[in-house]
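Below is one structure, written out as structure tokens; the observations come after it.
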Amino acid sequence: MKLATWNVNSLNVRLPHVLDWLQAQQPDALCLQELKMEDAKFPREAFDAIGYQAAFSGQKTYNGVAILTRERPDDVVAGIPGYADEQKRVIAVTLGGVRVICVYIPNGQSVDSEKYVYKLAWLAELEKFVAGEIARYGQVALLGDYNIAPEDRDVYDPAAWTGLVLCSEPERAAFTRLTALGLKDSFRQFEQADKSYTWWDYRMNGFKRNLGLRIDHILLTADLAARCQAVAIDLEPRRLERPSDHAPVIATLA
DNA sequence: ATGGCTATGTAGCATAGA
């Protein structure tokens with residue numbers, strides 16, 4: 004079973020990249036973030052033509068998440084039940100007995116921003132939701148753009164980023180609380196190259212200089228983590244013309 | 001040098017991302 008996540012920064016712009024990537028990688032599930040697209044405009048037919056079904060929750064201009072699957076998913080849920088949030092940041096499906104949750108965690112903008120307050124409140128809601136999903140389903144994969152670099156080694160210049168949004172202690176503590184629910188950061192189960200990142204700023208030749216952050220993650224409950232054979236960041240789509248600023252991450256499970 | 005680039009909404013810039 005292959006599970007992947009990719010913040011595409013506009014599905015409208017990135018659709019050709021996503022279609023090519025799906026055909027090349029053939030994941031069982033691909034979680035997308037930042038569709039920036041209303042549901043009425045979701046390109047369902049384009050995915051159907053290459054054998055993928057879609058569960059999605061979008062909105063105009065901002066946010067928006069989807070899960071593309073080869074098999075028909077069960078128990079599709081958009082948003083966090085009981086948490087009124089106008090921003091479309093969560094969708095969950097069940098696939099082959101695995102609860103697959105796709106999240107686009109708020110960016111937060113800066114630690115003195117109202118958006119940072121929202122981010123931390125949102126993370127507290129996510130923690131409650133995921134705890135319930137683990138209790139209900141057992142096998143849970145939490146994939147997405149977390150907008151959190153968990154450790155200094157996930158940051159190209161840790162000194163410059165100390166205390167800043169994406170790296171601040173409260174955000175990292177929230178990430179640790181998610182892992183304390185029984186989820187493992189699957190990427191770190193394996194030997195990985197130094198300076199492995201999933202996002203690079205469009206400015207300043209950030210990608211060519213590898214000035215990146217690792218903020219896109221695949222967290223797995225223990226049984227799934229035990230089945231996990233490899234986790235990799237695919238840098239190829241980031242080299243294309245008009246790329247997303249994020250690279251996809253893919254986990255291969257037995 | 002707190003800029004740099006990209007996408008969206010909307011029609012010359014404002015907002016947001018990370």
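Every position in the first sequence, counted from 1, becomes a number in our numbering once 3 is added.
Where is the CB? At the ideal position from N, CA and C, for every residue including glycine.
Next on the checklist: With the cut-off set at 8 Å, would you say I137 and G185 are in Cβ contact?
Outcome noted: In this structure, G185 lies closer than 8 Å to I137 by Cβ.
Checklist entry - Within the chosen definition, does the stretch 48-66 reach the stretch 19-31 through at least 3 CB pairs nearer than 8 Å? => result Output reads yes: the stretch 19-31 touches the stretch 48-66.
Checklist entry - Hey, would you say A257 sits closer than 8 Å to F193, going by beta carbons? => result In this structure, F193 does not lie closer than 8 Å to A257 by Cβ.
Checklist entry - Between R212 and D204, what straight-line distance do the alpha-carbon atoms span, to the nearest angstrom? => result For R212 and D204, the distance between alpha carbons rounds to 10 Å.
Next on the checklist: Let me check one thing: in DSSP terms, what residues is D188 bridge-paired to?
Outcome noted: Listed as beta-bridge partners of D188 by DSSP are L222.
Next on the checklist: Taking the alpha-carbon of V106 as reference, which of H220, R245, D248 has the nearest alpha-carbon?
Outcome noted: Nearest C-alpha to V106 among H220, R245, D248: H220.
Checklist entry - So, is K131 buried or exposed, given that buried needs 16 or more other C-beta atoms within 10 angstroms? => result That one is exposed.
Checklist entry - For W9 versus L38, is the C-beta spacing smaller than 8 Å? => result Contact flag unset, no.
Next on the checklist: Based on DSSP bridge pairs, tell me the residues matched to G215.
Outcome noted: Under DSSP, G215 forms a beta bridge with W203.
Checklist entry - Taking contact to mean at least 3 C-beta pairs separated by less than 8 Å, is the stretch 60-71 in contact with the stretch 38-49? => result Contact holds between the stretch 60-71 and the stretch 38-49, because three or more Cβ pairs, one in each stretch, are under 8 Å apart.
Checklist entry - If you count every other CB in all the chains shown that lies within 10 Å of the CB of S171, and 16 or more means buried, which is it? => result Buried: at least 16 other Cβ atoms inside 10 Å.
Checklist entry - Are the beta-carbon atoms of L222 and T182 separated by less than 8 Å? => result Contact: yes.
Checklist entry - By how many angstroms is the C-alpha of L129 removed from the C-alpha of R75? => result Across the structure, R75 and L129 are spaced so that their CA atoms are roughly 25 Å apart.
Next on the checklist: So, with DSSP's three-state summary, where would you put Y159?
Outcome noted: Residue state, collapsed to three classes: coil.
Next on the checklist: With distance defined between alpha-carbon atoms, name the residue in N66, A7, I151 nearest to L14.
Outcome noted: Nearest in C-alpha terms to L14, of all of N66, A7, I151, is N66.
Checklist entry - Hey, which unbroken runs of the beta strand (DSSP E) at 3 residues or more fall wholly within the stretch 9-82? => result Correct list: 32-36, 56-60, 68-72, 77-81.
Item to check | Residues near I104 in its chain [Cβ-Cβ closer than 6 Å; skip 5 each side] | outcome: Correct list, in chain order: A95, L145.
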